[in-house]
Amino acid sequence: MNTGEPLTKVGLEVDVPTSRIRGDLLVLTGPSGVGKGTLVQGLIERVDKIKRSVSVTTRPRRPGETDGVEYFFRSRAQFEEMLANHEFMEWAEFAGHLYGTPMAWVYQELDEGRDVILEIEVQGAKQVHSLYPPAVLIFISPPSFEELEERLRLRGTETEEKIQQRLAKAREELLEKNLFQYEVVNDVIDSAVTKLVHIVYAERYRVNTDDTDWSEG
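Take 296 as the starting number for the sequence shown in my numbering and just add one per residue.
The following block contains the structure:
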C-alpha cells in the first residue's frame, strides 16, 4: 500500500477556479451498465486537454498499476484523515474499500487549463455540484430499460439478486435525470461519443456563464 504524501497543496486552502481560461469539470453519471466507461474513453481519444479524474482508494494496488495513474493508493487511516480534513469532492465505499475524488488534484488540473471528467454515481454527482456549482452535469441514459437489463445480463458476472438490485437502483436514478444539464442516450457508441464531444466544445466556447438579466439597459 502506498504511503505517499498528502494530495493537498497548501493545507486546506483550495481556491475554486472561476475563470473561463481554466478547464471545465464534467460529471458523467447514469445507471450501472449504461456504458459510461466506454464513452469516457472515447471522449478522451477524440478531444485534447481533457483527463479522467484520478480517485483516491484504499483497495490494494494490483500488478501493473501505478500510484497517481489508475488511482492514488492510500491506507484506510490516510483516507479517513483526508475525509476528516474535507479533502474530497465526493466519496463512497464499495466492496469494503473507500474511494474519493481529491479536490486539490481536480482544481490543479482545472487551473492548468485541462477539462476533468468524473465518472460517478448520481449521489456523488449531487455532492460535486453542491461543492462546485460550475460543474457540467451529464446524464447517460440507456435506449430503454429493457436494453439496460439485457446489457447487465450479458456481462455474465453477477447473480440474479445483484442484477435485480442494480435494476432497482437504475429505476431510481432515471427518475432524477432531469436534475442534469445534459442527457445523452447511449444507443450507438460512436454517436453518443460525438454528442459528448459537442457538449465539451459548447462549454468551452460559452461566454456567459451566469444568469444575466437582459430585460434592462
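Ideal Cβ placement from N, Cα and C applies to all residues, glycine included.
Computed from a predicted model, the values in this text were never measured in an experiment.
Around the CB of P437, 16 or more other CB atoms lie within 10 Å, so the residue is classed as buried. Contact annotation: I494 and I415 have beta-carbon atoms that are not nearer than 8 Å. The C-alpha of P428 is placed about 16 Å away from the C-alpha of T396.
Secondary structure at F389: strand, using DSSP grouped into helix, strand and coil. For K344, the CB contacts under 8 Å within the same chain, skipping 5 residues up- and downstream, are G318, G408, R409, D410 in chain order.
Note on geometry: alpha-carbon atoms of L413 and V322 lie some 5 Å from one another.
Contact holds between the segment 326-339 and the segment 464-484, because three or more Cβ pairs, one in each stretch, are under 8 Å apart. Pairing L443 with V329 gives a Cβ-Cβ distance under 8 Å. Only residues of its own chain outside the window of five on either side were considered, and among them none has a CB closer than 6 Å to the CB of R450.
If you look at S350, you'll find it in the beta strand (DSSP E) that goes 350-352.
Look at S370 here: in three-state DSSP terms it is coil, with no helix or strand label. Counting C-beta atoms within 10 angstroms of its own C-beta, E385 has 16 or more neighbours from the protein chains shown and is therefore classed as buried. Separation of Q403 and L320 (C-alpha to C-alpha, rounded to the nearest whole angstrom) is 12 Å.
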